[in-house]
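There are 2 protein chains.
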Amino acid sequence: MPRIPQRTVARFFRYCQFLHSKVEAGSEFVFSHELAAAVGVSPEQVRRDFMNFRQVKGTPQRGYPVKEFMAALYAHLESSSLTKMVLVGVGNLGKAILSYFLRRRPNLSIVAAFDLDPEKSDRIYSGCRVHHTGQLEKVVAREKVAVGIITVPASAAQEAADALVRAGVKGIINFAPVQLKVPRGVFLEQLDITLSIEKVAYFARKNRIKEQ
Amino acid sequence: MPRIPQRTVARFFRYCQFLHSKVEAGSEFVFSHELAAAVGVSPEQVRRDFMNFRQVKGTPQRGYPVKEFMAALYAHLESSSLTKMVLVGVGNLGKAILSYFLRRRPNLSIVAAFDLDPEKSDRIYSGCRVHHTGQLEKVVAREKVAVGIITVPASAAQEAADALVRAGVKGIINFAPVQLKVPRGVFLEQLDITLSIEKVAYFARKNRIKEQ
DNA sequence: TAGTCATCGTTAATGGATTAACGTTAATAA
DNA sequence: TTATTAACGTTAATCCATTAACGATGACTA
Chain C
1 MPRIPQRTVA
11 RFFRYCQFLH
21 SKVEAGSEFV
31 FSHELAAAVG
41 VSPEQVRRDF
51 MNFRQVKGTP
61 QRGYPVKEFM
71 AALYAHLESS
81 SLTKMVLVGV
91 GNLGKAILSY
101 FLRRRPNLSI
111 VAAFDLDPEK
121 SDRIYSGCRV
131 HHTGQLEKVV
141 AREKVAVGII
151 TVPASAAQEA
161 ADALVRAGVK
171 GIINFAPVQL
181 KVPRGVFLEQ
191 LDITLSIEKV
201 AYFARKNRIK
211 EQ
Chain X
1001 MPRIPQRTVA
1011 RFFRYCQFLH
1021 SKVEAGSEFV
1031 FSHELAAAVG
1041 VSPEQVRRDF
1051 MNFRQVKGTP
1061 QRGYPVKEFM
1071 AALYAHLESS
1081 SLTKMVLVGV
1091 GNLGKAILSY
1101 FLRRRPNLSI
1111 VAAFDLDPEK
1121 SDRIYSGCRV
1131 HHTGQLEKVV
1141 AREKVAVGII
1151 TVPASAAQEA
1161 ADALVRAGVK
1171 GIINFAPVQL
1181 KVPRGVFLEQ
1191 LDITLSIEKV
1201 AYFARKNRIK
1211 EQ
């Protein structure tokens, strides 16, 4: 199996989403142009992406076998194995993310949340127990958590990241508007929502047409 | 002025963020490698990006004049002119975004929010009045709103987008996990948070090292 | 005032990702 | 059975973004 670039992986997840709905609808086959429309890319892109799975083939005038491709995608994404995550910072955004992962996504689970506010400690939000941030390293290391989600204010983000790294996480997703420093070997995704919104505002002003 | 690619624009905003802090700290000059470290890119990338502003120059062993570059960036990003936005869906995520924009970002303002829940109508969250979604088109058109932020459940997202487009917005940012269809001329940004988290989980599992 | 050195600006090279083109294949129907 | 055709798989071409390389410049030091 070749190493898959980041963008392609992101599309894989979107294909999965759509294929899942197709399975539920009872469809056996799906065309590249259907998938393309569903995730907002070109049919050529879909076919090119699917080339990564040489084992499974589509057939002309029928399309791709939904179940086989789902299986191949899942296998590659290793979505079947459970990945443990924690969330640091139980504000509005943190709560939103906690509720998203409640019940949905069986393969991903937020096993604990942390907050500095003692008011929130030992409470349960969306099925997830909140601990005081002082407990972070202990809990993360004990539970062998792989991913940390940072939803604290900018001033506290680097500190949270450092603690997560010390406790051994392999990936961090940061919603705070600061660029974090993490050692090589830890995958970092910066997701500054206000920045994204500013970008959209910019292109809206400029009337640039483009989609993603 | 050349047309700037999307990625570069995103970096512009990050440069702005950092330069702002530099101004406040009273620095007159800044090096490319400082900026690079601050936003997580290479110094070469910074210099290349800054080539877009031919008028303003840096000097060896001193760096770039902070204020001049701030001014040039602001001028190009047109951040000075106020852009009106609305938010559809006042759940946890919606509230988080509303509070982010309260007071910060003078150039961007969420002028109204909408929700189907009559309980929330006519209340005020984070300084923003909430209307019933039925009012959306009327308010957006009257206020000449340029950007819509969609934070409703997936099932309601397309409907919200259609209403926004009819009312004349030029940009939409969608947090719901569905691919929206919008006409050409409307800039669309899909921002599926759970998808991003799944991506991080994937690379954490694979131990791929990469940063953004 | 001359030399050194750090840093800039630019051009060129590389690499990745998307788009286009085109031959191939199998389902359908005459 | 054969023709037709819609959709696939692949290769090639294009486009865009990043990285590298390198000469130019001006601040600093002796």
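Quick mapping for you: the protein sequence lines, in order, are chains C and X.
In terms of this note's numbering, the first sequence opens at residue 1 and continues consecutively.
In terms of this note's numbering, the second sequence opens at residue 1001 and continues consecutively.
Cβ atoms here follow ideal geometry from the backbone N, Cα and C, with glycine treated the same way.
| Query | Result |
| --- | --- |
| Which residues, taken in chain order from the segment 82-100 of chain C, show a beta carbon closer than 8 angstroms to some beta carbon of chain X? | THR83, MET85, GLY91, ASN92, LEU93, LYS95, ALA96, ILE97, SER99 and TYR100 |
| The beta strand (DSSP E) with X:LEU1136 in it runs from where to where? | Taken as a continuous stretch (DSSP letters only), X:LEU1136 belongs to no beta strand (DSSP E), being part of the alpha helix (DSSP H) at 1136-1143. |
| Give the range of the alpha helix (DSSP H) segment to which C:VAL200 is assigned. | 193-206 |
| What is the rounded straight-line gap between the Cα of X:GLU1211 and the Cα of C:MET85? | Reliability fails at X:GLU1211, whose pLDDT of 37 lies under 50, so the model's placement of it is uncertain and the value that follows must be treated cautiously. When rounded, the distance between both Cα atoms is 19 angstroms. |
| Contact defined as beta carbons within less than 8 angstroms: I believe X:VAL1090 pairs with X:LEU1136. What is the distance between those atoms, to the nearest angstrom? | About 13 angstroms; that fails the 8 angstroms criterion. |
| Going by the C-beta, is X:ARG1011 closer than 7 angstroms to any heavy atom of the ligand FMN? | For the ligand FMN, the structure offers nothing, since it holds no ligand at all. |
| Cβ of X:GLY1127 within 8 angstroms of Cβ of X:LEU1093? | no |
| For C:ILE173, go through chain X and note every residue whose CB falls closer than 7 angstroms to its CB, in chain order. | SER1196, ILE1197 and VAL1200 |
| Please state whether the Cβ-Cβ distance between C:ALA204 and X:LYS1170 is less than 8 angstroms. | yes |
| Does the beta carbon of X:LYS1170 sit closer than 8 angstroms to a beta carbon anywhere in chain C? | yes |
| Could you give the uninterrupted runs of the alpha helix (DSSP H) lying entirely in the segment 85-161 of chain C, keeping only those of 4 residues or more? | 92-101 and 136-143 |
| Does the count of Cβ pairs from the segment 1076-1085 of chain X and the segment 1018-1031 of chain X closer than 8 angstroms reach three? | no |
| Does C:GLN55 come out as helix, strand or coil in the three-state DSSP assignment? | coil |
| Which residues of chain C have a Cβ atom closer than 9 angstroms to the Cβ of X:GLN1045, listed in chain order? | Ordered by position in chain C, no residue passes the 9 angstroms Cβ test against X:GLN1045, which lies about 13 angstroms from the chain. |
| Please state whether DSSP places X:LEU1188 in a helix, a strand or coil. | strand |
| Select from the segment 28-58 of chain C all residues with a C-beta closer than 7 angstroms to any C-beta belonging to chain X, and list them in chain order. | ALA38, VAL39 and GLY40 |
| Take the Cβ of X:ARG1062 as the centre, count every other Cβ of all protein chains shown within 10 Å, and call the residue buried at 16 or more, exposed below. | exposed |
| Let me make sure I understand the geometry here. Which of C:ARG184, C:SER32 and C:GLY40 has the alpha-carbon closest to that of C:MET216? | Summary: the structure shown does not reach residue 216 of chain C, with chain C confined to residues 1 through 212, and so no result is reported for it. |
| Which residues does DSSP list as the beta-bridge partners of X:GLY1063? | X:THR1059 |
| Is there a Cβ from chain X that is less than 8 angstroms from the Cβ of C:ILE209? | Low confidence applies to C:ILE209: its pLDDT is 37, below 50, so where it sits in the model is not reliable enough to give any reading. |
| Cβ of C:PRO106 less than 8 angstroms from any chain X Cβ? | no |
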